[in-house]
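Read in the numbering used here, the sequence shown has 1203 at position 15, and its numbers run on one by one without any break. Using N, Cα and C, we set each Cβ at its ideal position, and we do this for glycine too. Some notes on the structure that comes next.
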Amino acid sequence: MSYKFWHPFFSVQYSEYAGGSHLSTSGDVYSFGVVLMEILTGKRPTDPLFCNGFSIINFCKTSFPGQILDIVDAHLLAEYQDSARANRQKENRVLQCLLALMKVSLPCTCQAPGDRINMREAAAELHEIKL
C-alpha cells in the first residue's frame, strides 16, 4: 500500500511531498533540511521573496558560507552581535555553530533523493556541533 501526501500551502519547488510523491525517509530528510533553513533564516518557504524558481534552498545555498550573516534570522543575529560585544572567542564559536547548522541543512535538501544524507548522518553532524 502506498500513501501520498499533499498540502495546499506547499509549492512543488519546496517539497517533493507537495507534488504527491510517496512518503519516504529521503523526503523526511528533505523536509528536515528545509525546517533547519527556516529556523536559521526566520523565513518560510512560502515567503514572497521566494518566487519564480527562487526558493529558500537557493537563498541559503547562494549565501553559504560567505554571506551567512546576511540571511540569518534577526533574533539569531542579535544573539551573535551580543556575543561579539561580550567576547571575541565566543563570537567565533557562534558563527561556527550557525555555519555548521547550515552545512547540515544543505545536503538534506539535494534535489535528487539519492544525493541526500540520511537522518543518521544528519543527527551525527548535529551532535558534533558545540557552542
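On a CA-only basis, which of 1275, 1227, 1309 and 1243 is nearest residue 1299? Give me that one, please.
Ranking the options by Cα distance to residue 1299, first place goes to 1243.
With distances taken between CB atoms, is the gap from residue 1292 to residue 1224 smaller than 8 Å?
Yes.
Out of 1289, 1247 and 1229, which one is the CA nearest neighbour of residue 1266?
Looking at the Cα atoms, 1229 is the closest of the given residues.
Residue 1307 versus residue 1262 - alpha carbon distance:
When rounded, the distance between both Cα atoms is 28 Å.
Go ahead and label residue 1253 buried or exposed: buried means 16 or more other beta carbons lie within 10 angstroms of its beta carbon, across all protein chains shown.
In summary, residue 1253 is exposed, with fewer than 16 beta-carbon neighbours lying within 10 Å of its beta-carbon over all protein chains present.
Closest by CA to residue 1271, which one among 1216, 1319 and 1218?
Cα-wise, what sits closest to residue 1271 is 1319.
Helix, strand or coil for residue 1194, going by three-state DSSP, please let me know.
Residue placement at residue 1194 cannot be trusted, given a pLDDT of 39 that sits under 50; what the coordinates show is reported in the next sentence. Judged by DSSP in its simplified three-state form, residue 1194 adopts coil rather than helix or strand.
Classify residue 1221 as buried or exposed, calling it buried when 16 or more other Cβ atoms lie within 10 Å of its own Cβ.
Around the beta carbon of residue 1221, 16 or more other beta carbons lie within 10 angstroms, which makes this residue buried.
Can you tell me whether residue 1305 is buried or exposed? The criterion is at least 16 other CB atoms within 10 Å of its CB, across all chains shown.
For residue 1305, the number of other beta carbons within 10 angstroms of its own is at least 16, and it is reported as buried.
Just the Cα atoms here: how many angstroms apart are residue 1217 and residue 1227?
Straight-line Cα distance between these residues: approximately 15 Å.
May I have the straight-line CA-CA distance separating residue 1280 from residue 1296, to the nearest angstrom?
Going by C-alpha positions, residue 1280 is about 25 Å away from residue 1296.
Which ranges does the alpha helix (DSSP H) cover as unbroken runs of at least 4 residues, wholly within the segment 1259 to 1288, from first to last along the chain?
Here the runs fully enclosed are 1262 to 1274.
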